[in-house]
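Before any comments, here is the structure.
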Amino acid sequence: MDPLEAIKATFFQECDELLADLESGLLELEGGGGDIETVNAVFRAVHSVKGGAGAFGLEPLVRFAHVFETTLDDMRSGKLATEPAAVKVMLRAADVLADHVSAARGQGVVDEAGSLRLVAELKALCGGPAAAGADGDDEVVMVDTEVEDDGFGDFDFTPVIVEIDAPAEAVAAATPTWRIGFKPSRAMYAKANETALLLRELDRIGACQVTLNADDLPDFDALDPEESYFSWIIDIETDQGDAAIREVFEFVEDDCEITIEATGAPVSLDDPFASLDTPALAADPEVEPEAAPSAPDDDVMALLERAKLAAAEIQATTPAAAPAAAAPRAAAAPAPAAALHPADGGDAKTAAGTTIRVDLERVDRLIDLVGELVINQAMLTQRVGESGLARSSTVSVGLEDLEHLTREIQDSVMAIRAQPVKSVFQRMPRLVREVAAMTGKQVRLTTEGENTEVDKTVIERLSDPLIHMIRNAIDHGLENPDVRVAAGKPAEGVVKLCALHRSGRIVIEVSDDGAGINRERVKQIALNKGLIAPDATLTDEETDNLIFLPGFSTAATVSDISGRGVGMDVVRRQVQALGGRISITSNPGKGSTFSLSLPLTLAVLDGMVVGVSGHTLVTPLTAIIETLQPKTNDVRLLGPNGAVLAVRDAYVPLVDVGAVLGYSKGPTDWTTGVVLLVESEVGGRAALLVDAIQGQRQVVIKSLEANYQRVEGIAAATILGDGRVALILDVDALIDVRRKDARRSAAPPAARLPLAS
Amino acid sequence: MSNVTSLDKSGLDKSALDKSGLQKAGRRRELISFRIGPQEFCVDIMSVREIRGWTAATPLPQSPDYVRGVINLRGAVLPIIDLAARLELGDTDATARSVIIVTHIGPRLVGLLVDAVSDILTITEDQVQPTPDIACDTVREFVKGLLAVEGRMISWVALERVLPELEAEAA
């Protein structure tokens with residue numbers, strides 16, 4: 009990848025984190041919690057996004073971020089109270105900022121009108137001065153991009169007297185002046201801060217007279233390219249006081265020496281400090297490599313070459329002395345370095361110390377290998393057992409230790425993949441705000457247990473069902489504010505999102521305090537759509553769960569949010585694909601709760617190992633209701649080659665697993681073997697006939713599709729203790745396959761062809 | 037910061053390597069030849085990951101006859117294609133002396149069951165003769181070209197064709 013693209017990718021990754029920080033910070037403020045540190049953190053997040061965006065020339069993003077930042081700055085300085093109304097605007101601004109980031113990344117577009125509206129709202133929050141400030145800072149942005157465009161090409165600057173002019177009208181006759189002494193340390197540059205940007209900031213406050221002091225600059229030979237040798241004296245005319253000046257240096261104050269003193273009278277332009285007898289030019293070339301260690305080596309070498317040339321030239325042309333020079337461009341030259349440090353916030357630094365980013369593939373490889381280790385160790389144990397060594401022998405004892413170790417390694421490796429559900433939960437507040445705005449309802453989202461950990465594969469696939477459930481809770485669950493007030497509830501509805509571990513599974517609940525399910529209406533709709541028989545008697549629970557039937561939608565008008573024909577049946581299918589279950593409980597007038605139960609990982613599965621026609625298969629334990637040995641008179645033949653099993657007065661279709669998978673040929677003997685009574689989500693209950701049950705164990709799931717393709721009736725594969733591959737049954741598909749087979753053989757030949765594919 | 041630099045460097049090194057590899061491939065190629073019954077075949081050595089002995093495979097339901105099943109390759113599930121059956125030369129009678137050539141076919145790893153591996157050949161591309169048209173669909177489909185090496189005729193197998201068509205999956 010192009011290095012710049014790689015850096016950009018990192019920037020966007022960091023943006024995601026910063027946006028998450030931003031949102032959680034704002035939410036904390038909204039909830040009344042948080043202090044000045046929270047405000048600072050929020051400010052830093054926006055600032056870092058803006059800084060990085062500027063480096064990559066992402067204009068629209070920078071413009072928006074800037075206005076946002078300015079408003080936040082007012083909040084930071086206490087000019088704007090952290091009251092809920094303001095925070096709400098900021099939350100929406102955070103959403104738009106996220107949109108801008110996505111757009112900059114090439115995903116989606118920004119709603120320009122909405123963006124402009126928010127800009128106006130933000131400016132309104134902080135009043136006039138902010139609007140004025142905005143223009144000034146846009147200019148800073150331009151410096152960033154411009155310098156980047158120029159790259160290192162524009163090096164041939166000429167010595168100029170320092171003057172960064174402020175607009176003349178800004179200089180009032182009796183404006184107080186301040187003298188600022190500024191000496192950055194090398195640490196400041198190492199953090200990719202940039203003097204030129206600070207000077208520009210100062211220029212926004214008032215007219216500046218900047219003087220460079222390069223006295224400390226050693227000879228070229230003694231020069232340490234990473235050291236900071238320069239200091240500046242800035243005379244500034246401003247009526248904004250020293251607090252405003254200090255604010256400019258806020259991000260660097262720990263990494264520089266800074267003095268600010270009031271001098272009273274305005275300084276004249278031909279101040280003696282404006283010219284210092286120093287060969288300053290020779291110095292600037294080094295500033296660049298110092299601040300740009302990430303530049304490719306040969307570039308640095310080229311720069312040093314040029315630096316030498318420049319030094320020689322200066323000596324040739326101005327042997328005695330050159331006037332002090334710090335032309336804006338020269339001072340701004342190290343900016344590309346700042347550009348390479350898109351997020352230099354303190355937070356990012358500390359985070360880097362405690363976490364690392366690892367390619368998921370590497371972790372998966374590790375998990376595979378540990379799985380192999382476990383299998384190998386099991387095989388070794390078996391062999392040693394077969395060799396007749398005493399259990400107390402040193403070999404056996406050593407093997408036991410090995411077993412403990414491998415288990416521990418396996419657990420630790422699985423823990424690497426476990427992540428808190430927070431990453432999914434964090435996306436929900438925005439969704440809630442959007443849906444609330446669309447429906448005109450007032451909604452508050454509370455979350456609980458967001459640190460509950462679950463395997464990454466589950467996390468990734470959790471977000472779709474969750475989004476659907478939350479949309480449903482707001483759109484269908486919560487009433488309109490006036491209805492709520494009439495019913496004696498607060499106008500603001502509450503949607504609660506809660507995660508917890510329960511018996512080796514993760515349970516996620518989405519509950520609302522709305523009206524609950526209107527059972528009469530649900531029944532009526534199900535009846536109208538022919539989903540239930542007119543004379544069906546249903547329990548309340550059964551009625552509630554009708555909403556999961558395909559093609560069911562209770563909204564009288566198909567709304568933009570949860571209509572579109574994709575209903576809760578889609579959610580149920582998604583959840584089932586993850587090996588989970590979903591149900592709803594409802595309390596009329598009080599609200600409904602969706603409850604979602606998922607396995608903690610998709611990497612391992614609890615299975616029942618069974619033998620079928622000499623093959624070993626694994627059946628997911630979650631599908632099995634019970635196992636039984638059928639009595640001869642419980643099996644009833646039905647039709648030419650079908651059979652049902654009488655289970656407590658109900659007849660359940662019998663499925664010969666061996667025949668469906670093509671392992672056994674010829675007529676089935678229904679009376680031998682063992683039956684697994686399974687619950688299929690699509691076809692009700694079925695009885696799977698297998699030869700024998702070999703045991704129950706946890707197996708590591710291996711994909712068949714990775715190297716081959718999907719096989720009907722098979723969910724995945726696993727590797728057993730003897731090192732052989734065993735197939736994991738897909739119970740739903742198995743029952744489905746059997747049905748399709750039946751239909752296929754019944755269908756006339758002409759209709760068979762398209763089906764055969 | 038140092039991160040970025042090292043990334044950049046490794047990226048450069050890699051592309052340099054790739055380039056030299058490409059140039060070499062343009063001039064000559066190495067092939068692995070193997071026997072199925074009396075006939076000899078070969079595949080590009082770059083697509084071969086390893087060669088291993090035969091182990092019993094777990095049969096897959098509802099798969100073509102030439103798919104012998106899957107085996108465990110250090111934790112990965114590896115499908116085994118009986119190349120003889122695939123080329124319609126009759127089923128291989130797999131014994132302890134049979135060989136599985138583990139090959140990359142696109143993104144997949146696939147094991148090819150053959151009778152024995154015989155040679156590593158170094159050839160230049162102009163040595164490859166076009167397959168004569170013998171009015172046989174199997175040959176047309178699976179043989180990319182022919183090589184004459186020391187009086188033996190070796191057929192170059194088109195690896196990308198040996199996996200079952202994935203239409204069923206797409207449908």
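First to last, the protein sequences are chains A and B.
Numbering-wise, the numbering used here puts 511 at position 503 of the first sequence, and it's gapless, one number per residue.
Numbering-wise, the numbering used here puts 189 at position 153 of the second sequence, and it's gapless, one number per residue.
Yeah, the Cβ is synthetic: ideal placement off N, Cα and C, and Gly gets one too.
Treat the numbers as computed from the prediction; the structure is a model and nothing was measured.
Reduced DSSP secondary structure (H/G/I, E/B, other) of residue i
i	result
G147/B	strand
R133/B	coil
Q21/A	helix
G406/A	helix
N488/A	coil
M189/B	strand
R493/A	The sequence shown places Val at residue 493/A, not Arg. If DSSP states are grouped into helix, strand and coil, V493/A belongs with the helices.
R373/A	helix
N595/A	strand
N553/A	helix
K537/A	coil
K357/A	For K357/A, the predicted structure reports a pLDDT of 41, less than 50, and the residue's modelled location is therefore unreliable. A value from the coordinates is still provided. Three-state DSSP puts K357/A in a helix.
D577/A	helix
S18/B	Residue 18/B lies beyond the stretch modelled for chain B, which goes from 37 to 207, so this question has no answer here.
A329/A	Low per-residue confidence applies at A329/A: pLDDT is 41, beneath 50, and the placement is therefore not dependable, though the value from the model is reported in the following sentence. The answer is coil: DSSP assigns A329/A none of H, G, I, E or B.
G650/A	strand
Distance, residue j Cα to residue i Cα
i	j	result
V104/A	A93/A	17 Å
V502/A	E528/A	24 Å
W120/B	V150/B	Reading off the sequence, residue 120/B comes out as Ala, not Trp. In a straight line, the C-alpha of A120/B is about 7 Å away from that of V150/B.
L712/A	D463/A	20 Å
F19/A	D107/A	15 Å
S236/A	L225/A	9 Å
A481/A	P428/A	23 Å
D677/A	L697/A	10 Å
L413/A	V371/A	19 Å
E76/B	G674/A	39 Å
L662/A	L67/B	53 Å
P184/A	F228/A	40 Å
D102/A	P95/B	The identity of residue 102/A in the sequence shown is Ala, whereas the question assumes Asp. Between A102/A and P95/B, the C-alpha separation is close to 55 Å.
D263/A	V256/A	13 Å
M446/A	R125/A	17 Å
R718/A	A611/A	18 Å
Proximal residues to residue i (C-beta, below 7 Å), its chain only, five neighbours per side dropped
i	result
V75/A	V127, L130, K131 and A142
R513/A	S605, L606, P607 and L608
P166/B	G181
L35/A	P437
V579/A	P473, H476, M477 and I590
R705/A	G615 and V617
H140/B	S83 and R85
Contacts around residue i, its chain only, beta-carbon distance under 6 Å, and the 5 residues preceding and following it disregarded
i	result
C216/A	I172, L210, I242 and I244
M576/A	I555 and F556
D699/A	G619, V620 and G681
G40/A	none
E177/B	R197
Q434/A	A28
I633/A	L685 and E687
I190/B	S69, E76, C78 and L183
R693/A	V660 and E687
Rounded Cβ spacing between residue i and residue j (contact assumed at less than 8 Å)
i	j	result
L133/A	L88/A	6 Å
I117/B	V146/B	6 Å
Spatial neighbours of residue i in its chain, beta-carbon cut-off 8 Å, leaving aside the 5 residues before and after
i	result
Q248/A	I213 and G214
M196/A	S236, V260, D263 and C264
Just by C-beta distance, which residues in the stretch 131-163 of chain B are closer than 7 Å to chain E?
In the displayed structure, chain E is absent; the protein chains listed are A and B.
Do three or more CB pairs link the stretch 486-496 of chain A to the stretch 515-526 of chain A at distances below 8 Å?
Contact holds: three or more Cβ-Cβ distances are below 8 Å.
Touch check for the stretch 599-612 of chain A and the stretch 536-551 of chain A: three-plus C-beta pairs under 8 Å?
Under the Cβ criterion (8 Å, minimum of three pairs), the stretch 599-612 of chain A does not count as touching the stretch 536-551 of chain A.
Check whether the stretch 167-185 of chain B and the stretch 121-130 of chain B touch, using three or more Cβ-Cβ pairs below 8 Å as the test.
Taking a contact to require three or more Cβ pairs closer than 8 Å, the stretch 167-185 of chain B and the stretch 121-130 of chain B qualify as touching.
When you compare the stretch 438-445 of chain A with the stretch 409-423 of chain A, are there three or more beta-carbon pairs, one atom per stretch, that lie closer than 8 Å?
Not touching, per the Cβ criterion.
Determine, using beta-carbon pairs with one atom in the stretch 700-707 of chain A and one in the stretch 100-107 of chain B, whether at least three such pairs fall under 8 Å.
Flag = no, the stretch 700-707 of chain A and the stretch 100-107 of chain B do not touch.
Tell me, please, whether the stretch 716-730 of chain A touches the stretch 374-391 of chain A by the rule of three or more beta-carbon pairs shorter than 8 Å.
Touching, per the Cβ criterion.
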